[in-house]
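Note sheet for the following structure.
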Amino acid sequence: TLSAALPAGKVISVVATSDVRDLAGNHLDEFVSLFTTSPQTLDTTRPSVSAVYPGNGANNVASDRSIVVYTNEAMDETTLAAGINVSVNGVLVPGTVTPELGNRAFLFRPDDEWPAGSLVQLFIDANMQDLAGNPINGFQSSFRVQADTVAQAPYVVARGATSNLPSNAVFYVRFSEPLD
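Heads up: the sequence shown begins at 889 in the working numbering, then just goes up one per residue.
Written as structure tokens, this is what we have:
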């Protein structure tokens, strides 16, 4: 039984002489074998975010929408929550982080729906790591949640000319919604 790992990228010799005996006392025929271990390549490349949905700068995002983040390599699931911060109008919000697609993507679901018209910001920092322990490159993104059109006051969307009108001119104004 080996007590340590074999060195990477080396030729290893295995030699058994006739001094080796089985349980009945019979001598082993001498044996020699050579093999080469695989070269060890250390992963030292920092992972990156490759895509995020909703996209950076998106507007009118539904208030019940989760954030989905894709990375260019599998991430250490135990570091996901520590490396993500999400804020609404500058205040950090709690949520659940769920790995997907073999830890190459994850979902952030806020504990509560996004408030109407709010600015949501996503920050990913070096606390998030890949399977080799490399910290992810920092990333940030933001989007704007759809405004609550029910609570919004009506406003003018079109109107007729306002200057050089005769005294009996027809004047029109169109509003964003029907008025009583």
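Even for Gly, the Cβ is constructed at its ideal location relative to N, Cα and C.
Cα-Cα separation, L911 to L968: Whole-angstrom Cα-Cα distance: 54 Å.
The stretch 972-989 in contact with the stretch 941-951 per 3-pair CB rule at 8 Å: No, the stretch 972-989 is not in contact with the stretch 941-951.
Range covered by the beta strand (DSSP E) that runs through E988: Where E988 is concerned, the enclosing beta strand (DSSP E) starts and stops at G983 to E988.
Boundaries of the beta strand (DSSP E) in which T924 is found, first to last residue: Run containing T924: F919 to T924, per the beta strand (DSSP E) assignment.
C-alpha distance - D907 paired with V920, whole-angstrom precision: So the alpha carbons of these two residues sit roughly 14 Å apart.
First and last residue of the uninterrupted beta strand (DSSP E) at S936: Segment: none, S936 is in no beta strand (DSSP E) and carries neither H nor E.
Cut-off 7 Å between Cβ atoms - residues of its own chain near A1020, not counting five sequence neighbours on either side: Only D931 meet the Cβ criterion.
Minimum C-alpha distance to S1029 - residue among L1010, P1042, V937 and A1035: Comparing Cα-Cα distances from S1029 to each of L1010, P1042, V937 and A1035, the minimum goes to L1010.
Alpha carbon of F996 to alpha carbon of N1022, nearest angstrom: Straight through space, the alpha carbons of N1022 and F996 are spaced by roughly 22 Å.
CA-to-CA distance, L1007 to G897, given in whole angstroms: Roughly 53 Å separates the two Cα atoms.
Host beta strand (DSSP E) of P998 (start-end): Here the beta strand (DSSP E) through P998 covers A993 to P998.
Contacts around E918, its chain only, beta-carbon distance under 6 Å, and the 5 residues preceding and following it disregarded: For E918, where only same-chain residues beyond five positions count, the Cβ hits under 6 Å are T905 and S906.
Rounded straight-line distance, which links the Cα of T929 to that of V902: Going from the Cα of V902 to the Cα of T929 covers about 25 Å.
Where the beta strand (DSSP E) containing V1033 begins and where it ends: Its beta strand (DSSP E) spans residues F1027 to V1033.
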